[in-house]
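Comments concern the structure below.
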Amino acid sequence: MNKEKLSIISIIGKTNVGKSTLFNKLIKKKLSITSKKKNTTQESLIGIKNKNNKQFIYIDNPGLNNNINIIKYIRKIIRYIKNNLSNNKINLFIMIIEKELNNNEIKIIKFIKNIKIPIIIIINKIDKLKKIQILLKIIKKIKKFKIYNIIPTNLKKKKDLYYIKKIINNFLIEKKHLFNKNILTNKKDKYIIKEIIREKIFRLTGDEIPYNLKFKIKNFYKNINIIFIESYLITFKKQYIKILTGKNRNKINKIIYLSKISIKKYFNNKYKIKLIIKIKFIKKTK
Ligand SMILES: Nc1nc2c(ncn2[C@@H]2O[C@H](COP(=O)(O)OP(=O)(O)O)[C@@H](O)[C@H]2O)c(=O)[nH]1
Ligand SMILES: [Mg+2]
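By the numbering used here, the letter at position 98 of the sequence shown is numbered 1563, and the numbering carries on one by one without gaps.
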């Protein structure tokens, strides 16, 4: 019999480089929300993929911002694994970059090399690069740090994902699986649903709006054939009520409609979805 193999893989990088896009593709399920806006992912999230005797545990993380302390960022990510995966350690880091390798990213490489955890670097969105020379320059710069697992990608292409998976396969260790085969994530259904709705809000509203909102699920239940969600969209600016509602409620209705489709899909069309979103204005007291 084949012995069980395991790998704990943490995906890191600046905000908006494509971490959640890669994460979803690797686990073959849209679990993490993605958008063009910054800081879409706010909490780390575990996704599990099983293949025969292999178990891949991927972690999607919030993005690295320019103004945060790099070491703190990495330590927090390492701690998340310790706390949520019963003291296990990360086997592999995947760092995604785009267009350049900046100083913060160099600091991360140095830190990770220092603690002796393997790292793969993905140079994503190569479809947006104007010249091949830019790519060659980045690769050269990375190689200076003795990192040779460098994968240029356009995550919208299937072929590129195949190479990434092949490389990840080299970092499995012989170890008992941490999760049962039918488990997909460490998060509760309510959390995933909240994220799905948050994604629609992100995608359907203007740039500044999502950062001035709070979204709360007030009531939630799930039985054998229905999921019921009653929620609040709280805004701190009065003028946003109109924008969020839209003409004849068309904006909020669209958010509800698209959320329902995604929630249904996430649960493999097993449930009817009843979703209520109430818009509420609260004066911020600060
Ligand atoms: N052009 C292009 N866009 C991409 C690629 N990969 C991801 N994106 C887009 O980049 C945006 C940010 O992706 P996301 O996964 O949310 O980034 P994260 O903040 O790092 O998790 C989304 O709109 C993605 O569709 C790529 O290879 N090429
Ligand atoms: Mg993300």
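Ideal placement from N, C-alpha and C gives every residue a C-beta, glycine not left out.
Whose CA, out of K1743, I1591, K1631, lies closest to the CA of I1682?
K1743
Should K1484 be counted as a contact of ligand 2 given a C-beta to heavy atom distance under 7 Å?
yes
Less than 8 Å between the CB atoms is what I'm expecting for I1699 and L1669, so what's the real figure, rounded?
Actually they are not in contact, since the Cβ atoms of I1699 and L1669 sit about 17 Å apart, beyond 8 Å.
DSSP three-state label for Y1523, please.
strand
According to DSSP, is T1650 helix, strand or coil?
strand
Taking the beta carbon of R1663 as the centre, do at least 16 other beta carbons fall within 10 Å, making it buried, or is it exposed?
buried
Range of the contiguous alpha helix (DSSP H) that encloses Y1705
1704-1710
Please look up how many angstroms separate the CB atoms of I1633 and L1510, rounded, as I've assumed it's under 8 Å.
18 Å between Cβ atoms; not a contact.
One question on the structure: do L1566 and K1623 come within less than 8 Å of each other, judged by their Cβ atoms?
no
Whole angstroms is fine: what's the gap from P1527's alpha carbon to E1660's?
13 Å
Give the range of the alpha helix (DSSP H) segment to which I1571 is assigned.
1568-1579
Of the listed residues F1701, N1518, I1587, nearest to S1475 (C-alpha basis):
I1587
Flag this pair as yes or no: are the beta carbons of K1737 and N1690 separated by less than 8 Å?
yes
Using 8 Å as the threshold, is the C-beta distance between L1637 and S1472 below it?
yes
Are the segment 1510-1525 and the segment 1489-1498 touching by the rule of at least three beta carbon pairs closer than 8 Å?
yes
Closer than 8 Å, CB to CB, is E1508 near chain C or not?
In the structure shown, chain C does not exist; there is a single protein chain.
How many angstroms separate the CA atom of K1729 from the CA atom of D1654?
12 Å
Exposed or buried, K1590, counting other C-beta atoms within 10 Å across all chains shown (16 or more means buried)?
buried
Would you tell me roughly how many angstroms separate the C-alpha atoms of N1553 and R1540, rounded to the nearest one?
14 Å
Given this structure, state the Cα-to-Cα distance separating N1481 from I1577, to the nearest angstrom.
21 Å
Going along the chain, which unbroken runs of the alpha helix (DSSP H) with 4 or more residues stay wholly within the segment 1466-1516?
1484-1492
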